[in-house]
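Under our numbering, the first residue of the sequence shown is numbered 24, with each subsequent residue one higher. Below: the structure, in structure tokens.
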Amino acid sequence: EGWFKDLQVLAERIPRAHRSRVAVCLHGWYDYFQQYAYDHKSRQLLKEWTAFPGTYKVPMSLAEMHRRLKFAKDLGFRVLLYFSDGTNSDSGAPGFHTEYVLKDKSGKSFPGWKGPDSLGQPLMMDPSVPGLRDWYRGYLKALLDEYAKDVDGFVWDETFYIKPDFISYTRPEPAYADRAMMSLVSELTQMVQTYHDRNPDLVFLASDLGETSYALVAHGTYQDSAMRESAWGPSMFANYRNCLWSCNWFPLHHAKENEIASEKYGLPQGVSNGWEDNCGPSRMPAALLDAVLERFTRNVESNRERLRYLTP
Numbered sequence: 024e025g026w027f028k029d030l031q032v033l034a035e036r037i038p039r040a041h042r043s044r045v046a047v048c049l050h051g052w053y054d055y056f057q058q059y060a061y062d063h064k065s066r067q068l069l070k071e072w073t074a075f076p077g078t079y080k081v082p083m084s085l086a087e088m089h090r091r092l093k094f095a096k097d098l099g100f101r102v103l104l105y106f107s108d109g110t111n112s113d114s115g116a117p118g119f120h121t122e123y124v125l126k127d128k129s130g131k132s133f134p135g136w137k138g139p140d141s142l143g144q145p146l147m148m149d150p151s152v153p154g155l156r157d158w159y160r161g162y163l164k165a166l167l168d169e170y171a172k173d174v175d176g177f178v179w180d181e182t183f184y185i186k187p188d189f190i191s192y193t194r195p196e197p198a199y200a201d202r203a204m205m206s207l208v209s210e211l212t213q214m215v216q217t218y219h220d221r222n223p224d225l226v227f228l229a230s231d232l233g234e235t236s237y238a239l240v241a242h243g244t245y246q247d248s249a250m251r252e253s254a255w256g257p258s259m260f261a262n263y264r265n266c267l268w269s270c271n272w273f274p275l276h277h278a279k280e281n282e283i284a285s286e287k288y289g290l291p292q293g294v295s296n297g298w299e300d301n302c303g304p305s306r307m308p309a310a311l312l313d314a315v316l317e318r319f320t321r322n323v324e325s326n327r328e329r330l331r332y333l334t335p
């Protein structure tokens, strides 16, 4: 219930006129990495599923998703939906595709981040494999058909996992995995744009962490850098035209990073709930939340532009 409690607290503290300058992202709603409550055979989203099937076992459904998204939109916030964790696939999931696993010349595969939302060890998938690319197209179309009017965008987390100059050997012939990832991000971004007749504000965001430049062909970045200052500079070039921000799973321990982002760079701050500090706005120390909101209000009311690598 943290989603509802945290957003209610933010709504009580932030004037409605400023709430469109706040983006909230619904994470952890899915069943497995590389399935995301989507059936590729029917090309339809599941109507009911279990989120965090190996840990918290949270009952979830399309109806519940719409309730959560509507709650945030009715409060006046911008709402993002977590799209995917890089190209990771949960090796413990029932629909795991071994033929998609990213491999180097020696046949080595690459583990991704493992948390409470995966059963087995997540492994990176190869974006050059036609079957995987088709899966992503089908999955995004299903999301757009269902949620295009309910959200403001989608967040593709950890796109930086596919490193520059990486040559994959998943298939018999080698492939440039980084070029494949760039073209896939571009293709999916353009798919989102075809739904602008339903919602002109829809965006598709990458998460390059300053290590890759896929955001050049996306609408911006919502990266998993925990607000660390060292990631801002390398991220600015790929986002010189676009939005740039970070989630912050450490709103208590990285409070100083929030201050630096806001005061030094004019960038958005980040708070979160559900992992690491596991302490959303409804449970944060009052003085800490006050400081975050004071900086937010000051930047919004002054209409301050963020620091950019290149001027417009």
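Ideal Cβ positions, reconstructed from N, Cα and C, are used throughout, including at glycine.
Exercise. Should TYR79 go down as buried or exposed, given a rule of 16 or more other Cβ atoms within 10 Å for buried?
Worked result: exposed
Problem set entry | Alpha-carbon spacing of MET88 relative to THR244, whole angstroms | 24 Å
Exercise. Beta strand (DSSP E) containing MET147: first to last residue?
Worked result: 145–147
Exercise. So which of ARG39, MET204 and PRO38 has the shortest CA-CA distance to GLY109?
Worked result: MET204
Exercise. Where does VAL81 sit, in a helix, a strand or coil, going by DSSP?
Worked result: strand
Exercise. The alpha helix (DSSP H) with ASP29 in it runs from where to where?
Worked result: 25–36
Exercise. Around the C-beta of ARG91, are 16 or more other C-beta atoms found within 10 angstroms, so that it is buried, or is it exposed?
Worked result: buried
For this session: Report yes or no: do three or more beta-carbon pairs, one from the region 227–236 and one from the region 168–188, lie closer than 8 Å?
Result: yes
Exercise. Does DSSP put PRO291 in a helix, in a strand, or in coil?
Worked result: coil
Exercise. Can you tell me whether GLU328 is buried or exposed, with buried defined as 16 or more other CB within 10 angstroms of its CB?
Worked result: exposed
Problem set entry | Residue burial classification, LEU146 (beta-carbon count within 10 angstroms, cutoff 16) | buried
Problem set entry | Assigned secondary structure, ARG329 (DSSP; H/G/I helix, E/B strand, else coil) | coil
For this session: Can you give me the Cβ contacts of LEU98 inside the same chain, cut-off strictly under 7 Å, excluding the 5 residues immediately before and after it?
Result: LEU30, ALA34 and ARG42
Exercise. Is ASN111 helix, strand or coil when you go by DSSP?
Worked result: strand
For this session: Would you give the residue range spanned by the beta strand (DSSP E) that VAL45 belongs to?
Result: Taken as a continuous stretch (DSSP letters only), VAL45 belongs to no beta strand (DSSP E), as it is neither H nor E.
For this session: Sort ALA314, SER285, ALA278 and LEU267 by Cα distance to TYR332 and report the nearest one.
Result: LEU267
For this session: Assign ALA278 to one of three DSSP states: helix, strand, or coil.
Result: helix
Exercise. Which one or two residues does DSSP pair with THR73 in a beta bridge?
Worked result: PRO82
Problem set entry | Reduced DSSP category for GLY138 - H, G, I as helix; E, B as strand; rest coil | coil
Exercise. Where does GLN216 sit, in a helix, a strand or coil, going by DSSP?
Worked result: helix
Exercise. On the three-state DSSP scale, how would you describe TYR2?
Worked result: The chain is shown from 24 up to 335; residue 2 falls before or after that span and cannot be answered.
For this session: Determine which residues share a DSSP beta bridge with ALA229 and list them.
Result: THR244
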